[in-house]
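When you line the sequence shown up against the numbering used here, it's residues 6 to 237, in that order. This report concerns only the one structure given below.
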Amino acid sequence: MTAEALTAGPHPLRCWVPPGVYAPQTDTRLLGQAIRREGITARTDVLDLGTGSGLLAVEAARLGGRVTAVDISWRALAAARLNALLNGESLRVRHGDLASAVPGHRFDLVISNPPYVPAPDTAPPRGLARAWDAGRDGRRLIDRICDSAPAVLRPTGTLLIVHSHLCGVDATLARLEKAGLRAEVVDRAAVPYGRVLRSRLTWLRQQGLTAGDGTTEELVVIRAEHTEHAHA
6 MTAEALTAGP
16 HPLRCWVPPG
26 VYAPQTDTRL
36 LGQAIRREGI
46 TARTDVLDLG
56 TGSGLLAVEA
66 ARLGGRVTAV
76 DISWRALAAA
86 RLNALLNGES
96 LRVRHGDLAS
106 AVPGHRFDLV
116 ISNPPYVPAP
126 DTAPPRGLAR
136 AWDAGRDGRR
146 LIDRICDSAP
156 AVLRPTGTLL
166 IVHSHLCGVD
176 ATLARLEKAG
186 LRAEVVDRAA
196 VPYGRVLRSR
206 LTWLRQQGLT
216 AGDGTTEELV
226 VIRAEHTEHA
236 HA
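This is how it looks when you write it as structure tokens:
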């Protein structure tokens, strides 16, 4: 699949998405907007955790950043490499499980659009579902990212993470603050349930994650930074 996305900037980014890799959607665009506000320069070291197609990593590189893209999927890393080439940008790619792929390294900006869809199956997802399924509460990876963020951020660094309200916005804010970061929601967008959520609507209602005829989820971008360097 070939697509153009993240249309801000002089030219739309070109994006090739092979089967089995998460295709850019509203959450990608929402996080892209937040990234562009961060004032990335040629001296900004950026880490993209769970890069998927690599489109957000390419956007950060287009803004001038020195970008490292991490994914546990070899297919995703191949897509990220190709999408960097398609857009004339350069990325460092690392295979591994979130921050464990870059041991001992710290970054000015850490970005992530992790899997966050609540799933009835408690077993680790396989195949394409690995790009969105994240345990019964949707927090299988979010909690790990929150906990590891202080160790991969420089003292003046920033974390940007996007996810659905279905997996708990307040829970993410509290987890980040417990880890020593000051966090806030900086962007929101309401979108209709996609195919996966529609197929789980009965289960979501049984779990109390959605009520009545509610079939709209709110996507949020959360920004966090070390408390001592947070803006007043």
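We treat Cβ as the ideally placed atom computed from N, Cα and C, and that holds for glycine.
Where residue i falls, given that 16 or more other Cβ within 10 Å makes a residue buried
i	result
A237	Per-residue confidence for A237 stands at a pLDDT of 43, beneath the threshold of 50, marking its modelled position as unreliable; no derived number is given.
G132	exposed
R205	buried
A139	buried
W79	exposed
T49	buried
A2	For residue 2 there is no data in the structure shown, the boundaries of the chain being 6 and 237.
S169	buried
D76	buried
T33	buried
S95	exposed
A156	exposed
T220	exposed
R200	exposed
T7	Because T7 sits at a pLDDT of 45, beneath the cut-off of 50, its placement in the model cannot be relied upon, and the point is left open.
For residue i, the first and last residue of its enclosing alpha helix (DSSP H)
i	result
E182	V174 to K183
V201	R200 to S204
I40	T31 to R41
Bridge partners - residue i, DSSP secondary structure assignment
i	result
H100	D76
W137	Paired residue(s): none; W137 is not in a bridge.
S117	L54 and I166
V122	D138
R71	D50
Identity of the residue in the options nearest residue i by Cα
i	options	result
R99	L146, L178, C20 and L54	L54
R187	L158, V107 and R111	L158
L178	A81, R228 and T215	R228
V115	Y27, L165, Q211 and A62	L165
D152	A62, T73, L103 and T127	L103
P120	R111, R48 and R135	R135
L36	L224, H231, T232 and E230	L224
G57	R203, L82 and A139	L82
R149	V22, V72, S105 and D50	S105
L91	Q211, H170, H16 and A184	H16
R19	A62, R41, V51 and I40	A62
Q212	R141, L87 and T232	R141
G59	R67, A74 and L209	A74
D113	I45, E189, V22 and R193	I45
V72	R42, R111 and L146	R111
A47	L68, E64, I40 and A39	L68
Run of the beta strand (DSSP E) containing residue i, from where it starts to where it stops
i	result
P155	Element bounds for P155: not the beta strand (DSSP E) but the alpha helix (DSSP H), I147 to V157.
R225	The residue asked about is misnamed: residue 225 is Val in this sequence, not Arg. T221 to H231 is the span of the beta strand (DSSP E), which, as asked, contains V225.
E189	L186 to P197
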